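Data first, discussion second: the structure below is written as structure tokens.
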């Protein structure tokens, strides 16, 4: 049976086993220990942050970040709309309400002009949001400088959701390190993984200390179990932190591999009509966590869903771009500022397999199906035009049987 090609799988090696073995050998298997401490410091060194707190997930990190900047029931929080639901769910956990802001075409991230306009209007009516949550999408940083200026001008704390952007840069600095607090994710599909985990970073030592306090059930420093605040069970285990330490050692290699995947896809497919790859903004370098593109169905000859279906038939996983949160039923009553660009990116956007452990053969299989879908669509359209006077023109299935192949071995020309 043909081996499946998945969107983004964990990529681990022998070093992870050594760190895990050390945790077992020393019996440090609780959500505290030397690997946790070392992982936090090494992560700070990697991204250029002052302080860090390792937690159980990126969602937990964002929940803590929102609480730490003072979000309470009834507050509003401005949030990128083109993102995974975990960006906004913690806003709801705290009884606050998200207000979604559209993307720009340059980065696919939050539009700085829309944010400033919204903050200006809210200041005029005396209803500023309690925070702004800025997402760095699919490995690419948002345009942070104008967003941070707008937040600072109106005294609104900026939280950076860099769950998808570890290894990226914005003007030679890591996204996630500009705002009041930044968060990262180490889920199994991320550029590095701890199986499940997350990290908060900040230049504020007191804020990170409070994050660690809340993440360990907010236990007061007393000889007995005493609690003056409600906390959470959010700390990362020492075992998983060991995995993270090993993964962090190869972060640059993982970024290089994913960028190489993107370059191969782009060289092979960019000439096809109707395909436009996610641009790389001039202000930084994307990690290309996922290779994303948009499809013009008229020019290409097939829409995004038809391409996904064709790939699935060959056991290749591809997915639509995130459905904007302002279109999600659970947020139907929430305000949205703009939305047309995010909606267009969703309706036409496609994510291709992008793991750092993909082989040239894997990439070739994906490219072959994409090329075949376009070829068959073009053939079908041409034959249909020629035979439009015939009552029973051939179907796509007749013109493009599943067994038809473009052949293999062509990627050697593209990998240079």
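Residue numbers (full-length UniProt numbering): 1 to 416. Ideal placement from N, C-alpha and C gives every residue a C-beta, glycine not left out. All values derive from a computational prediction rather than experimental measurement.
Nearest neighbour of residue 272 by Cα position, chosen from 21, 299 and 348, turns out to be 299. With the rule of 3 Cβ pairs closer than 8 Å, the segment 85 to 97 counts as touching the segment 312 to 332.
Judged by pairs of C-beta atoms under 8 Å, the segment 309 to 327 touches the segment 351 to 371, as three or more such pairs exist. In the structure shown, residue 353 falls within a coil segment according to DSSP collapsed to helix, strand and coil.
Between residue 19 and residue 242 a beta carbon distance of about 3 Å is seen, short of the 8 Å cut, so the two are scored as contacting. Setting aside the 5 residues that flank it on each side, residue 139 is surrounded in the same chain by 164, 165, 167, 168, 191, 258, 286, 287, 288, 289 and 290, each with a C-beta closer than 8 Å to its C-beta; the list follows chain order. Following the DSSP letters along the chain, one finds residue 184 inside the beta strand (DSSP E) bounded by residues 181 to 185.
Contact between residue 302 and residue 81 does not hold, since the beta-carbon distance rounds to 27 Å and is not under 8 Å.
For the segment 179 to 248, the full-length beta strand (DSSP E) segments reaching 3 residues or more read 181 to 185 and 198 to 202 along the chain. Residue burial annotation: residue 212 is buried, with at least 16 other C-beta atoms found within 10 angstroms of its C-beta.
Per DSSP, reduced to three states, the secondary structure at residue 154 is coil, with no helix or strand assignment. Closest in alpha carbon position to residue 180, among 51, 143 and 278, is 51. Residue burial annotation: residue 27 is exposed, with fewer than 16 other C-beta atoms found within 10 angstroms of its C-beta.
The segment 130 to 149 makes contact with the segment 102 to 112; the number of CB pairs closer than 8 Å reaches 3 or more. Excluding five sequence positions before and after residue 105, the CB atoms of its chain that fall closer than 7 Å to its own CB belong to 341, given in chain order. Spanning the alpha carbons of residue 56 and residue 72 requires a straight line of approximately 22 Å.
Residue state for residue 100 is assigned as strand, using DSSP reduced to three classes. Measuring C-alpha to C-alpha distances from residue 117 to each of 141, 151, 145 and 92 identifies 151 as the nearest. Under the DSSP assignment, residue 54 falls outside any alpha helix (DSSP H), being part of the beta strand (DSSP E) whose first and last residues are 51 to 55. In the structure shown, residue 2 falls within a coil segment according to DSSP collapsed to helix, strand and coil.
Bounds of any alpha helix (DSSP H) do not take in residue 80; it lies within the beta strand (DSSP E) bounded by 76 to 80. Residue 101 sits close to residue 114, with the two beta carbons spaced by under 7 Å. When the beta-carbon positions are compared, residue 204 and residue 183 stay at least 7 Å from each other.
For residue 7, the three-state secondary structure derived from DSSP is coil.
Between residue 201 and residue 44 the beta-carbon gap is near 7 Å, inside 8 Å, which marks them as a contact. Residue 319 and residue 344 have their C-alpha atoms some 15 Å from each other. DSSP lists 275 as the bridge partner or partners of residue 295. Beta-bridge analysis with DSSP links residue 135 to 161. For residue 288, the three-state secondary structure derived from DSSP is coil.
In the three-state scheme derived from DSSP, where H, G and I count as helix and E and B as strand, residue 320 is classed as strand. Contact annotation: residue 24 and residue 245 have beta-carbon atoms that are not nearer than 7 Å. When secondary structure is reduced to three states using DSSP, residue 336 falls in the strand class. Taking C-alpha positions only, residue 256 is separated from residue 177 by approximately 21 Å.
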